[in-house]
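First to last, the sequence lines map onto chains Y and H. Position 194, counted from 1, in the first sequence is what full-length UniProt numbering calls 194; the numbers after and before it change by one each time, with no gaps. Position 263, counted from 1, in the second sequence is what full-length UniProt numbering calls 263; the numbers after and before it change by one each time, with no gaps. The beta-carbon is built from N, C-alpha and C at its ideal position, and this holds for glycine as well. Inspection log for the structure reproduced underneath, given as structure tokens.
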Amino acid sequence: MTTTAGTMRKLTYREAVREAIREAMHKDERVFLMGEDVGRYGGCFAVSKGLLEEFGPERIRDTPLAESGFTGAGIGAALGGMRPIVEIMTGNFSLLAADQIINTAAVLLHMSGGQFNVPVVIRLATGGGRQVAAQHSRSLEGWFAHIPGIKVLAPATVNDARGMLWTALEDPDPVLIFENSNLYNMEGPLAVEAGAVDIDRARVRRDGRDITIISYGASLFKALEAAEILAKDGIEVEVVDLRTLRPLDEATFLASVARTHRALVVDEGWRSGSLAAEISARIMEGAFYDLDAPVARLCTAEVPLPYAKHLEEAALPQVAGIVALVKKMVGGHG
Amino acid sequence: MADFCMPSLGADMQEGTLVEWLVKAGDEVKRRDVIAVVETDKAAIEIEVYEDGVVEELVVEPGQKVPVGTVLAVIRSEGEAAASPQQRREPAAGTGGAPVPAESAAIKVAAAPAKPEPAVSVPSAPGPAAARIKASPYARRLAAERGLDLSQLPGTGPGGVIRAADVAGGVAPQVLRPGTEQAAPVVAEPAPVPPAAAAPPAKDFQAGMRRAIAAAMARSNREIPHYYLGLRIDLSRTLRRLEAENLKRPIRERILPVVPLIKAVALALGEAPELNGYWVDDRFQPQEAINIGFAIALRQGGLITPALLNADLQSLDELMAALRDLITRARSGGLRSSELTEATVTVTSLGDLGVETVYGVIYPPQVALVGFGRIMEQPWAENGMLAVRPVLTATLAADHRATDGHRGAQFLDALNRYLQEPEKL
Numbered sequence: 001m002t003t004t005a006g007t008m009r010k011l012t013y014r015e016a017v018r019e020a021i022r023e024a025m026h027k028d029e030r031v032f033l034m035g036e037d038v039g040r041y042g043g044c045f046a047v048s049k050g051l052l053e054e055f056g057p058e059r060i061r062d063t064p065l066a067e068s069g070f071t072g073a074g075i076g077a078a079l080g081g082m083r084p085i086v087e088i089m090t091g092n093f094s095l096l097a098a099d100q101i102i103n104t105a106a107v108l109l110h111m112s113g114g115q116f117n118v119p120v121v122i123r124l125a126t127g128g129g130r131q132v133a134a135q136h137s138r139s140l141e142g143w144f145a146h147i148p149g150i151k152v153l154a155p156a157t158v159n160d161a162r163g164m165l166w167t168a169l170e171d172p173d174p175v176l177i178f179e180n181s182n183l184y185n186m187e188g189p190l191a192v193e194a195g196a197v198d199i200d201r202a203r204v205r206r207d208g209r210d211i212t213i214i215s216y217g218a219s220l221f222k223a224l225e226a227a228e229i230l231a232k233d234g235i236e237v238e239v240v241d242l243r244t245l246r247p248l249d250e251a252t253f254l255a256s257v258a259r260t261h262r263a264l265v266v267d268e269g270w271r272s273g274s275l276a277a278e279i280s281a282r283i284m285e286g287a288f289y290d291l292d293a294p295v296a297r298l299c300t301a302e303v304p305l306p307y308a309k310h311l312e313e314a315a316l317p318q319v320a321g322i323v324a325l326v327k328k329m330v331g332g333h334g
Numbered sequence: 001m002a003d004f005c006m007p008s009l010g011a012d013m014q015e016g017t018l019v020e021w022l023v024k025a026g027d028e029v030k031r032r033d034v035i036a037v038v039e040t041d042k043a044a045i046e047i048e049v050y051e052d053g054v055v056e057e058l059v060v061e062p063g064q065k066v067p068v069g070t071v072l073a074v075i076r077s078e079g080e081a082a083a084s085p086q087q088r089r090e091p092a093a094g095t096g097g098a099p100v101p102a103e104s105a106a107i108k109v110a111a112a113p114a115k116p117e118p119a120v121s122v123p124s125a126p127g128p129a130a131a132r133i134k135a136s137p138y139a140r141r142l143a144a145e146r147g148l149d150l151s152q153l154p155g156t157g158p159g160g161v162i163r164a165a166d167v168a169g170g171v172a173p174q175v176l177r178p179g180t181e182q183a184a185p186v187v188a189e190p191a192p193v194p195p196a197a198a199a200p201p202a203k204d205f206q207a208g209m210r211r212a213i214a215a216a217m218a219r220s221n222r223e224i225p226h227y228y229l230g231l232r233i234d235l236s237r238t239l240r241r242l243e244a245e246n247l248k249r250p251i252r253e254r255i256l257p258v259v260p261l262i263k264a265v266a267l268a269l270g271e272a273p274e275l276n277g278y279w280v281d282d283r284f285q286p287q288e289a290i291n292i293g294f295a296i297a298l299r300q301g302g303l304i305t306p307a308l309l310n311a312d313l314q315s316l317d318e319l320m321a322a323l324r325d326l327i328t329r330a331r332s333g334g335l336r337s338s339e340l341t342e343a344t345v346t347v348t349s350l351g352d353l354g355v356e357t358v359y360g361v362i363y364p365p366q367v368a369l370v371g372f373g374r375i376m377e378q379p380w381a382e383n384g385m386l387a388v389r390p391v392l393t394a395t396l397a398a399d400h401r402a403t404d405g406h407r408g409a410q411f412l413d414a415l416n417r418y419l420q421e422p423e424k425l
């Protein structure tokens with residue numbers, strides 16, 4: 001943080017997203033929000049609470065339970081010159097809108113020979129860990145990160161939750177913002193004057209010399225917590241927050257690995273065919289001769305997420321698992 | 001028993017693939033027999049054995065790629081007692097890029113790729129396992145940069161993997177001299193590798209060769225106080241004789257002008273033996289055999305300097321055949337290990353490209369390099385008469401530690417004399 005403590009305030013990730021939406025609505029009258037329960041109910045995760053009162057039903061639009069329909073409507077509105085924010089309650093339901101996102105939004109610019117760009121922003125809650133069982137706990141951001149033609153963001157910090165939305169709205173192409181639902185209640189510092197942030201670079205969130213942990217979203221904080229614990233054992237962990245999952249800012253994590261010579265990817269997605277696999281491959285391609293240990297991955301166990309609390313915790317990447325894995329990788333350190 | 005190991009056939013050689021065994025277990029072998037073919041990044045090389053004996057066991061299978069120093073086979077010899085004096089009779093170490101061939105049956109050679117001195121030999125004692133050394137890519141790079149032999153480093157990682165920390169804690173390879181003063185020409189402390197040369201993967205042949213040349217030449221210019229002498233030589237007599245001889249021959253049997261030049265160098269070296277040998281252990285070690293390393297540019301870049309063995313004892317025809325054979329094999333594979341390691345002096349001829357004068361850099365531990373430029377028609381005054389003659393500038397780059405300019409001048413004078421009396425070539 002470059003701002004002094006005097007000009008900082010604390011707010012939750014949820015409030016930061018809400019502020020971002022409000023700012024966008026005030027700054028640009030083409031911006032509107034639509035999705036299931038975003039209006040009268042105030043949003044499934046209470047992100048849009050109070051916005052209906054402030055902006056009215058024209059701009060805060062409740063939709064039927066019809067993801068394909070309202071996502072398609074959002075794409076159409078974007079083509080028509082609007083700047084829609086489409087909220088898909090959770091990434092799980094994006095499967096119903098996948099055709100609109102992948103087969104329409106992502107390709108129109110290309111297939112129209114550059115005539116039609118689609119400046120839609122789609123917000124989706126993602127992640128597990130809240131005992132909402134297999135159908136509501138997936139992390140599908142890695143799937144969308146596979147698709148050319150869209151950008152995929154994963155704001156982890158309050159600052160990014162506050163700042164990425166505006167930059168995404170200004171982007172001429174479709175942008176998906178995956179908000180890990182475990183983060184909405186997280187409180188963090190935010191500069192009073194905080195505003196838009198870039199959406200194309202990863203950030204080193206903690207400096208270290210022994211190993212690089214590459215992560216994003218809610219897992220970032222597990223990595224940072226593990227780094228604290230490992231520091232007491234003399235293991236200095238560097239933590240990279242990807243922030244943007246497509247396009248990947250590989251320069252940042254390759255440079256980090258070149259310094260630390262070890263890499264661990266912590267990803268709430270499943271391991272097979274995952275974003276973690278992609279990052280691992282890029283490290284192999286770009287930093288092979290800097291590696292002092294095989295690249296490791298800590299991902300969610302390859303099971304449908306269990307409902308039972310202890311089983312769900314066991315399935316997801318956890319701090320203790322990160323600590324143990326890092327110790328094994330760094331081994332005999334010191 | 002002696003171990004027959006994967007030899008180092010050049011400064012850039014880190015590993016080699018055993019292509020073929022030419023013997024089987026139980027076969028009797030004689031010194032200098034070619035018993036195996038090894039593929040390096042440069043070429044397929046025929047590997048000779050340096051001991052009489054019986055093949056006890058073939059350890060490595062054809063097709064296997066193993067690091068330099070890996071035991072390829074075990075040779076049952078007459079006994080250690082017989083082997084030692086034999087070793088001492090052998091010429092001392094190779095051409096700066098190679099281990100002492102006499103000991104190649106009994107030495108392990110460090111396998112670090114970027115090491116400026118490849119010929120770090122350690123005693124034959126317990127050989128490292130033929131298995132691939134497990135080391136992280138970063139550890140391999142560090143070891144290469146520091147000239148450390150991975151097989152000498154402890155691996156503290158999972159399953160004994162060598163990691164960066166093990167390299168950091170490693171020591172520079174100790175130079176253990178087999179036998180007597182006939183040690184390999186090694187510097188005790190590996191010189192730092194130029195940063196630019198540090199990174200590329202060993203697989204990259206061109207980079208590897210460049211690195212090897214860089215290391216040898218950097219060492220040469222760092223350690224060898226060169227002096228240079230040049231002499232313009234009238235080649236009309238030699239060329240006239242050659243022309244007359246070639247007229248009688250079918251094209252394929254004709255002799256190239258460089259052949260009498262090589263022969264003249266070999267004969268002139270006989271009169272200036274202080275230029276034929278190695279500077280090792282702070283003293284000059286003359287070599288009886290005159291083996292002329294001839295610089296051959298490779299099509300893919302880089303160069304190789306295989307030796308024309310005993311050039312002074314061969315006729316022009318024999319030399320021509322040997323040179324043709326050497327060039328063909330250098331470019332297509334099939335050089336013998338002794339040819340890569342036994343040059344006692346180097347000749348480099350760049351006249352093809354129009355160069356007039358060659359200022360050579362000596363290939364350590366040799367002490368001299370003879371350079372030939374282009375043969376050009378020049379005005380030439382002799383006995384008060386002006387004529388046009390084919391003229392060649394011959395240069396000598398010599399190690400001032402081993403000889404002085406006076407000796408060098410005598411060599412060039414002798415060279416000129418032989419070229420004026422081509423019937424003696």
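Using beta-carbon distances, Gly157 of chain H counts as an interface residue toward chain Y, with a partner under 8 Å. The three-state reading of DSSP puts Arg259 of chain Y in helix, counting H, G and I together. In this chain, Ala105 of chain Y is not harboured by any beta strand (DSSP E), its DSSP state being neither H nor E. Less than 8 Å separates the beta-carbon of Ala25 of chain H from that of Val55 of chain H. Under the Cβ distance rule, Pro137 of chain H counts among the residues neighbouring chain Y, one pair being separated by less than 8 Å. Of all alpha-carbon atoms in H:Met376, H:His400, H:Asp399, the one lying nearest the alpha-carbon of Arg389 of chain H is that of H:Met376.
Taking C-beta separations shorter than 7 Å and ignoring five residues to either side along the sequence, the partners of Ala73 of chain H in its chain run Phe4, Val55, Glu57, Leu58, Val59, following chain order. Secondary structure note for Phe116 of chain Y: it is in no beta strand (DSSP E), with a DSSP letter that is neither H nor E.
Contact annotation, Val118 of chain Y with Ala78 of chain Y: C-beta distance approximately 5 Å; criterion of less than 8 Å satisfied.
Look at Tyr227 of chain H here: in three-state DSSP terms it is strand. As the crow flies, the alpha-carbon of Gly273 of chain Y is around 17 Å from that of Leu305 of chain Y.
Remark: C-beta atoms of Tyr363 of chain H and Ala216 of chain H approach each other more closely than 8 Å. Burial is judged here by how many other beta carbons sit within 10 angstroms of a residue's own beta carbon; Gly160 of chain H has fewer than 16 and is exposed. In terms of beta-carbon proximity, Ala314 of chain Y stays away from the interface with chain H, with every pair separated by 8 Å or more. Tyr184 of chain Y carries a coil assignment under DSSP once its states are collapsed to helix, strand and coil. By the Cβ-count criterion, Asn383 of chain H is exposed, with fewer than 16 other Cβ atoms from all chains shown falling within 10 Å of its own Cβ. Within the same chain, Cβ atoms closer than 6 Å to the Cβ of Pro154 of chain H are found at Asp166, the five residues on either side in sequence being excluded. DSSP, reduced to helix, strand and coil, places Ile322 of chain Y within a helical segment of the structure shown. When DSSP states are grouped into helix, strand and coil, Ile362 of chain H belongs to the coil group.
By DSSP's assignment, Thr393 of chain H forms a beta bridge with H:Arg232.
Here Phe45 of chain Y is not near Glu67 of chain Y, since their CB atoms are 8 Å or more apart. Leaving aside the five residues that flank Ser139 of chain Y on each side, the residues in its chain whose CB is nearer than 6 Å to its CB run, in chain order, Thr126, Gly127, Glu268, Gly269. Around Gly351 of chain H, the same chain offers Phe372, Gly373, Arg374, Ile375 as residues with beta carbons nearer than 7 Å, after the five sequence neighbours per side are excluded. Pairing Ile147 of chain Y with Gln100 of chain Y, the inter-Cα distance amounts to about 13 Å. Between the C-alpha atoms of Ile283 of chain Y and Glu274 of chain H there is a straight-line separation of about 55 Å.
Counting C-beta pairs closer than 8 Å gives fewer than three between the segment 131-145 of chain Y and the segment 193-206 of chain Y, which falls short of the contact rule. The secondary-structure analysis by DSSP pairs Val54 of chain H across a beta bridge with H:Glu28, H:Arg76. When CB distances to chain H are screened at a threshold of 7 Å, the residues of the segment 284-308 of chain Y falling below it are Phe288, Tyr289, Asp290, Leu291, Asp292, Ala293, in chain order. Only residues of its own chain outside the window of five on either side were considered, and among them Ala315 have a CB closer than 6 Å to the CB of Ala301 of chain Y, listed in chain order. When the beta-carbon positions are compared, Asn180 of chain Y and Ala218 of chain Y come within less than 8 Å of each other. Among the bridge pairs identified by DSSP, Trp21 of chain H is matched with H:Ala36.
Relative to Lys65 of chain H, the option among H:Asp27, H:Ala207, H:Gln14 whose CA is nearest is H:Gln14. When DSSP states are grouped into helix, strand and coil, Phe372 of chain H belongs to the strand group. Closer than 9 Å at the C-beta level to chain Y, one finds no residue of the segment 367-391 of chain H. If one requires a minimum length of 3 residues, the beta strand (DSSP E) runs lying completely within the segment 131-211 of chain Y are 151-153, 175-180, 187-191, 203-206, in chain order. Unbroken beta strand (DSSP E) stretches of 3 residues or longer found wholly inside the segment 38-67 of chain Y: 60-62, given in chain order.
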